[in-house]
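Colleague: Could you have a look at this structure, given as structure tokens, before my questions?
Numbering (the working numbering), first residue to last: 2 to 116.
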């Protein structure tokens, strides 16, 4: 990332973070403007590991069969939203903190590369 003083003065709300190197010798940099609010509708990630767990089908089935009274199209949207929350809490109970686990693995990998 290359910037100069004029650019920095014109973008005083700009922040950046240097990320860990993964593939090449270069570290990626992510930048953002703090005036732009963080979105509320952050994407929902369905983890492939969930498919292999025995209780996933039960969680989805129980949530979908739970009664909900509304017009049909809103019913689907509300059920999906409710399912998203259930899956997030179920995943945390079963698999633990995914981000924390990933961070530990990255630290182990860094240590291996250093050794």
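From the three backbone atoms N, C-alpha and C, an ideal C-beta is built for every residue, glycine too.
On a predicted model such as this, the values are computed, not experimentally measured, just so you know.
How many whole angstroms separate the CB atoms of residue 96 and residue 63, which I take to be in contact at a CB cut-off of 8 angstroms?
Modeller: Contact doesn't hold; Cβ gap of about 19 angstroms is too wide.
Colleague: Taking residue 65 as the reference, give the member of 54, 45, 46 and 87 with the closest Cα.
Modeller: The shortest C-alpha separation from residue 65 is found at 87.
Colleague: If you count every other CB in all the chains shown that lies within 10 Å of the CB of residue 91, and 16 or more means buried, which is it?
Modeller: Buried, since its Cβ has 16 or more Cβ neighbours within 10 Å.
Colleague: I need the boundaries of the alpha helix (DSSP H) containing residue 75, first residue and last residue.
Modeller: That run of the alpha helix (DSSP H) goes 73 to 96.
Colleague: Considering residue 13, what are the terminal residues of the alpha helix (DSSP H) in which it resides?
Modeller: Per DSSP, residue 13 belongs to no alpha helix (DSSP H) and is neither H nor E.
Colleague: Can you tell me which residues form a DSSP beta bridge with residue 65?
Modeller: BP columns for residue 65 are empty, so no partner.
Colleague: Between the alpha carbons of residue 38 and residue 14, how many angstroms are there, rounded?
Modeller: Looking at the two C-alpha atoms, the distance is approximately 12 angstroms.
Colleague: Identify, in the order they occur along the chain, each residue of the same chain with its Cβ nearer than 8 angstroms to the Cβ of residue 35, setting aside the five sequence neighbours on each side.
Modeller: Closer than 8 angstroms at the Cβ level, and outside the excluded window around residue 35, lie 14, 15 and 16.
Colleague: In terms of residues, what are the limits of the beta strand (DSSP E) holding residue 51?
Modeller: Run containing residue 51: none in the beta strand (DSSP E); it sits in the alpha helix (DSSP H), 49 to 52.
Colleague: Pick out whichever of 104, 41, 10 and 60 has its Cα sitting closest to the Cα of residue 89.
Modeller: Among 104, 41, 10 and 60, the Cα nearest to that of residue 89 belongs to 60.
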